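Structure first, commentary second.
There are 2 protein chains.
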Amino acid sequence: MDTMQALLTRRSVRKFTFQVVPDETIEVLLRAAMHAPSARNRQPWHFYVITERDVLRKIPDVHPFAAMTQEASLAVVVCGDETILPDAKRWGIDCAAATQNLLLSAHALGLGAVWCGVYPDPERQREIKNLLKLPDRIHPFSLVPIGFPAEPLPIVDRFLPERIHTNAW
Amino acid sequence: MDTMQALLTRRSVRKFTFQVVPDETIEVLLRAAMHAPSARNRQPWHFYVITERDVLRKIPDVHPFAAMTQEASLAVVVCGDETILPDAKRWGIDCAAATQNLLLSAHALGLGAVWCGVYPDPERQREIKNLLKLPDRIHPFSLVPIGFPAEPLPIVDRFLPERIHTNAW
Numbered sequence: 111m112d113t114m115q116a117l118l119t120r121r122s123v124r125k126f127t128f129q130v131v132p133d134e135t136i137e138v139l140l141r142a143a144m145h146a147p148s149a150r151n152r153q154p155w156h157f158y159v160i161t162e163r164d165v166l167r168k169i170p171d172v173h174p175f176a177a178m179t180q181e182a183s184l185a186v187v188v189c190g191d192e193t194i195l196p197d198a199k200r201w202g203i204d205c206a207a208a209t210q211n212l213l214l215s216a217h218a219l220g221l222g223a224v225w226c227g228v229y230p231d232p233e234r235q236r237e238i239k240n241l242l243k244l245p246d247r248i249h250p251f252s253l254v255p256i257g258f259p260a261e262p263l264p265i266v267d268r269f270l271p272e273r274i275h276t277n278a279w
Numbered sequence: 111m112d113t114m115q116a117l118l119t120r121r122s123v124r125k126f127t128f129q130v131v132p133d134e135t136i137e138v139l140l141r142a143a144m145h146a147p148s149a150r151n152r153q154p155w156h157f158y159v160i161t162e163r164d165v166l167r168k169i170p171d172v173h174p175f176a177a178m179t180q181e182a183s184l185a186v187v188v189c190g191d192e193t194i195l196p197d198a199k200r201w202g203i204d205c206a207a208a209t210q211n212l213l214l215s216a217h218a219l220g221l222g223a224v225w226c227g228v229y230p231d232p233e234r235q236r237e238i239k240n241l242l243k244l245p246d247r248i249h250p251f252s253l254v255p256i257g258f259p260a261e262p263l264p265i266v267d268r269f270l271p272e273r274i275h276t277n278a279w
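Heads up: the protein sequence lines correspond to chains L and E, in order. Under my numbering, the residues of the first sequence are numbered 111 to 279, in order. Under my numbering, the residues of the second sequence are numbered 111 to 279, in order.
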């Protein structure tokens, strides 16, 4: 898919078919995520991939807006590593860029995905960390259910010229 | 440009020719940025576009890693609006996604760009806010110099399989 088309037509997908996303495709998605820019190229991220149905079923118990993981083929939890970058505000920015690459690559490959926020919500961070048994130094940043879309992706024009200020506010 | 190619070959560009980026192209870049996802689709962003040479020349005085704005055709300052979303950590995440879309669209159109961090550095935020005379409620998040690349973009493989954890850490 053309890049501009992908950027303008990507939408949050919350309904999935039960078709399974192949392992090779998951690797392509994570490769795209890892090519995001990061401050001083420190790449302070890890990717926890959930494909076990039992765990996918439990996610809605620990995240109030992630019911769609029950249908998703997988979910990726993008995590920050405080031993690479201690400041949560900083690894948060880098993990956001990686999450956006993940969403765009999913869309480009005909998959659907949605960004469920974890950081900076302390309760969601704690619960997901417990469920996945993440090491102390690892902090979940976002949860991205992924699958084949079972809903249309309406085109929406979000361009707001009043948000552009050229050489003066 | 194909989306996967754009995601995998985008690099930070810090040297630019003096060729001017047309206004229509700037609008395309900002359109891509505004199609980023945001929490509950609140779109808490503004885009301050600097094309005035005098201001581009002053940027390195207020940002220690932005010398390249002296050569860039323009710079976009992605800003968060606290009246739309009060928590800096939250508008920061949304502005990060918009910044990443800006970088990817620039690359796809044959331009070069680089993400210069502003938030969460309080001094850079204050200095850029003063220079651009931003309203109190508006907070600069990132500064993105953009132009036609005057340096090669080496392909680098950033894929790290050890950062992937499938169903177990």
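Beta carbons: idealized from backbone N, C-alpha and C, even for Gly. A quick note: this is a predicted structure, and the numbers were derived from the prediction, not measured.
Do E/L253 and E/V187 have their CB atoms nearer than 8 angstroms?
Taking the first residue of the second sequence as position 1, residue 253 of chain E is located at position 143. Taking the first residue of the second sequence as position 1, residue 187 of chain E is located at position 77. Yes, these two residues count as a Cβ contact at 8 angstroms.
Please report the straight-line C-alpha distance between L/L219 and E/R234, rounded to a whole angstrom.
Here residue 219 of chain L is taken as the residue at index 109 of the first sequence, counted from 1. Here residue 234 of chain E is taken as the residue at index 124 of the second sequence, counted from 1. Cα to Cα, the separation comes out at about 39 angstroms.
For the putative contact between L/A116 and L/L214, defined by C-beta atoms under 8 angstroms, what is the C-beta separation to the nearest angstrom?
The residue given as residue 116 of chain L occupies position 6 in the first sequence. The residue given as residue 214 of chain L occupies position 104 in the first sequence. Correct: roughly 5 angstroms between the Cβ atoms.
Along the chain, where does the beta strand (DSSP E) containing E/A185 start, and where does it finish?
Taking the first residue of the second sequence as 1, we reach residue 185 of chain E at position 75. Segment L184 to D191, the beta strand (DSSP E) holding E/A185.
8 angstroms is my cut-off, CB to CB: does L/A176 come that close to chain E?
Translated into positions along the first sequence, residue 176 of chain L becomes position 66. Taking 8 angstroms as the threshold, the shortest C-beta distance from L/A176 to chain E does not fall below it.
At the level of alpha carbons, what is the spacing between L/K125 and E/K239?
Within the first sequence, residue 125 of chain L is the residue found at index 15, counting from 1. Within the second sequence, residue 239 of chain E is the residue found at index 129, counting from 1. Straight-line Cα distance between these residues: approximately 42 angstroms.
Distance check for E/V138 and L/M111, CA to CA, integer angstroms please.
Working through the first sequence from its first residue, we reach residue 111 of chain L at position 1. Working through the second sequence from its first residue, we reach residue 138 of chain E at position 28. The alpha-carbon atoms of L/M111 and E/V138 are separated by roughly 17 angstroms.
Give the DSSP-derived three-state secondary structure of L/V224 in the structure shown.
Sequence index remark: in the first sequence, residue 224 of chain L carries index 114 (1-based). Looking at L/V224 - three-state DSSP - the assignment turns out to be coil, as it is neither helix nor strand.
For chain E, is any of its Cβ atoms less than 8 angstroms away from the one on L/E261?
Indexing the first sequence from 1 puts residue 261 of chain L at position 151. No - not a single Cβ of chain E is within 8 angstroms of the one on L/E261.
Check whether the Cβ atoms of L/M144 and E/R268 lie closer than 8 angstroms to each other.
For the purposes of this step, residue 144 of chain L is taken as residue 34 along the first sequence, with counting starting at 1. For the purposes of this step, residue 268 of chain E is taken as residue 158 along the second sequence, with counting starting at 1. The Cβ atoms of L/M144 and E/R268 sit closer than 8 angstroms to each other.
Ignore the nearest five residues each way along the sequence and tell me which others in E/L166's own chain have a CB closer than 7 angstroms to its CB.
Mapped onto the second sequence, residue 166 of chain E falls at position 56. Excluding residues within five positions, the ones whose Cβ falls inside 7 angstroms are I160, T179, Q180, A182 and A185.
Does L/K168 come within less than 8 angstroms of chain E when only Cβ atoms are used?
Residue numbering aside, residue 168 of chain L sits at position 58 when the first sequence is read from its first letter. By this cut-off, L/K168 is not an interface position.
Closer than 7 angstroms by beta-carbon distance: list the chain L residues that pair up with E/K243, in chain order.
Here residue 243 of chain E refers to the residue found at position 133 of the second sequence. In chain order: W279.
Could you check the C-alpha separation between E/L120 and E/T193 for me, to the nearest Å?
Here the question's residue 120 of chain E lines up with position 10 in the second sequence. Here the question's residue 193 of chain E lines up with position 83 in the second sequence. For clarity, residue 120 of chain E is Arg in the given sequence; the question names Leu instead. Whole-angstrom Cα-Cα distance: 33 angstroms.
Output needed for E/A207: all residues of its chain with C-beta closer than 8 angstroms, excluding positions within five of it in sequence on either side, in chain order.
Taking the first residue of the second sequence as position 1, residue 207 of chain E is located at position 97. Taken in chain order, the residues that qualify are A146, P147 and S148.
Cβ closer than 7 angstroms: which chain L residues qualify as neighbours of E/W225?
Translated into the one-based positions of the second sequence, residue 225 of chain E becomes position 115. Simply P147.
Quick check: the Cα distance between L/A177 and L/V224, rounded to an integer number of angstroms?
Counted from its first residue, the first sequence places residue 177 of chain L at position 67. Counted from its first residue, the first sequence places residue 224 of chain L at position 114. Going from the Cα of L/A177 to the Cα of L/V224 covers about 11 angstroms.
Under three-state DSSP, which class holds E/W155?
Here residue 155 of chain E is taken as the residue at index 45 of the second sequence, counted from 1. The answer is strand: DSSP assigns E/W155 an E or B state.
If you measure from the beta carbon of L/G202 to each beta carbon in chain E, is any gap under 8 angstroms?
Taking the first residue of the first sequence as position 1, residue 202 of chain L is located at position 92. Interface residue, yes.
Can you give me the C-alpha to C-alpha distance between E/A278 and L/T209, rounded to a whole angstrom?
Locating residue 278 of chain E in the second sequence gives position 168, counting from the first residue. Locating residue 209 of chain L in the first sequence gives position 99, counting from the first residue. So the alpha carbons of these two residues sit roughly 20 angstroms apart.
Between the C-alpha atoms of E/L241 and L/I274, what's the straight-line distance to the nearest angstrom?
The sequence position of residue 241 of chain E within the second sequence is 131, counting from 1. The sequence position of residue 274 of chain L within the first sequence is 164, counting from 1. Near 17 angstroms, if we compare the C-alpha coordinates of L/I274 and E/L241.
With 16 other CB atoms within 10 Å as the buried threshold, where does L/P250 fall?
The residue you call residue 250 of chain L lines up with position 140 of the first sequence. So L/P250 ends up on the buried side.
Taking 8 angstroms as the threshold (C-beta atoms), are E/P230 and L/K199 in contact?
Residue mapping note: residue 199 of chain L aligns to position 89 of the first sequence, counting from 1. Residue mapping note: residue 230 of chain E aligns to position 120 of the second sequence, counting from 1. Contact flag set, yes.
Taking the alpha-carbon positions, what's the E/E237 to L/R236 distance?
Within the second sequence, numbered from 1, the residue matching residue 237 of chain E stands at position 127. Within the first sequence, numbered from 1, the residue matching residue 236 of chain L stands at position 126. Their backbone Cα atoms lie some 36 angstroms apart in a straight line.
Please classify L/F157 as buried or exposed, where buried requires at least 16 neighbouring CB atoms within 10 angstroms.
Start at 1 with the first residue of the first sequence, and residue 157 of chain L comes out as number 47. Burial call: buried.
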